[in-house]
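Trainee: Residue numbers (the UniProt record's numbering): 1 to 204.
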Amino acid sequence: MLDAAMRKLIDPALNRIGAGLARRGVSADSVTAVGLALGLLSAVVIALGAPFLALVPLLASRLADGLDGAIARATRKTDFGGYFDIVSDFVFYGAVPMAFVWADPAQNGAAGAFLLTSFYANGASFLGFAILAEKRKMETSARGVKSLYFTGGLLEGTETIGFFVALCLWPAWFAPLAWAFGALCFFTAASRVLLARKVFPPAD
1 MLDAAMRKLI DPALNRIGAG LARRGVSADS VTAVGLALGL LSAVVIALGA PFLALVPLLA
61 SRLADGLDGA IARATRKTDF GGYFDIVSDF VFYGAVPMAF VWADPAQNGA AGAFLLTSFY
121 ANGASFLGFA ILAEKRKMET SARGVKSLYF TGGLLEGTET IGFFVALCLW PAWFAPLAWA
181 FGALCFFTAA SRVLLARKVF PPAD
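#1: How would you call residue 83, buried or exposed, if buried means at least 16 neighbouring beta carbons within 10 angstroms?
#2: Put residue 54 into one of helix, strand or coil per three-state DSSP.
#3: Less than 8 Å between the beta carbons of residue 119 and residue 185, yes or no?
#4: Are there three or more Cβ pairs, one per stretch, closer than 8 Å when the stretch 59-79 is compared with the stretch 97-107?
#5: What residue from 197, 53, 162 and 66 has the CA that sits closest to residue 14's CA?
#6: Out of curiosity, what's the CA-to-CA distance linking residue 108 and residue 11?
#7: Counting only runs of 4+ residues fully inside the stretch 159-199, write out the alpha helix (DSSP H) ranges in chain order.
#8: Are residue 125 and residue 76 touching if we call contact CB-CB under 8 Å?
#9: Is the distance from the Cβ of residue 64 to the Cβ of residue 35 below 8 Å?
#10: Would you tell me roughly how many angstroms separate the C-alpha atoms of residue 20 and residue 8, rounded to the nearest one?
#11: If you follow the alpha helix (DSSP H) that residue 135 is part of, which residue opens it and which one closes it?
#12: Does the stretch 109-118 touch the stretch 129-139, meaning 3 or more C-beta pairs lie closer than 8 Å?
#13: Here's a check: name, in chain order, each residue in its chain whose Cβ is nearer than 6 Å to the Cβ of residue 99, leaving out the five neighbours to either side.
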């Protein structure tokens, strides 16, 4: 819901930094890899019981996630780069909830399983829509120039990062926050399915 507005705020700065990194020979794929490594490091720190400290690598990983696209725009976008970026994002989004479950399985297990299932459903609705949009040659730049067609929704990347930050600040609230966020993820997935039903109607 907030991604389009956030892109307008952060893209100018990211594009300047990304262009500077590109001039120094830094590749978009290498920054994607660094971002993934930082995201996984944050998950390890959470699993070890220090979620507040995990905020540093977590936020740094999201900065890298923004910079890889900026570098690609300053040089050359590739299909593999877009693919690697979305795979890395999904791995990161799954690793953080998993880490909270590992940190306290008895307290967080059920809520974590519900949350991860909602991520799975939401991701499937997003990627399925992107495949059909590509088939129809649809394009949008509302959420920045992407390799895939990004549909809007109640919960997007901005909300998810905010949610992860909240979990790191208040880890004792993981279960109720996960139940609530997971329910909203399912709502987002359902709304995207309904949108797909409208945009991609059955053939007569």
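Glycine residues also receive a C-beta, built at the ideal position from the N, C-alpha and C atoms.
Mentor: According to the data block:
#1: Exposed is the call here.
#2: Residue 54 falls in the coil class under three-state DSSP.
#3: The answer is yes: Cβ separation under 8 Å.
#4: The stretch 59-79 is not in contact with the stretch 97-107.
#5: For residue 14, the nearest C-alpha among the options comes from 66.
#6: Between residue 108 and residue 11, the C-alpha separation is close to 36 Å.
#7: For the stretch 159-199, whole alpha helix (DSSP H) runs of length 4 or above, ordered along the chain, are 174-199.
#8: In this structure, residue 125 sits away from residue 76, with a CB-CB distance that is not shorter than 8 Å.
#9: Cβ distance < 8 Å, so residue 64 and residue 35 count as in contact.
#10: The straight-line gap separating the alpha-carbon atoms of residue 20 and residue 8 is approximately 20 Å.
#11: That run of the alpha helix (DSSP H) goes 105-135.
#12: With fewer than three CB-CB distances shorter than 8 Å, the stretch 129-139 does not count as touching the stretch 109-118.
#13: If we look at residue 99 and ignore the five residues flanking it on each side, its Cβ neighbours are 43, 46 and 47.
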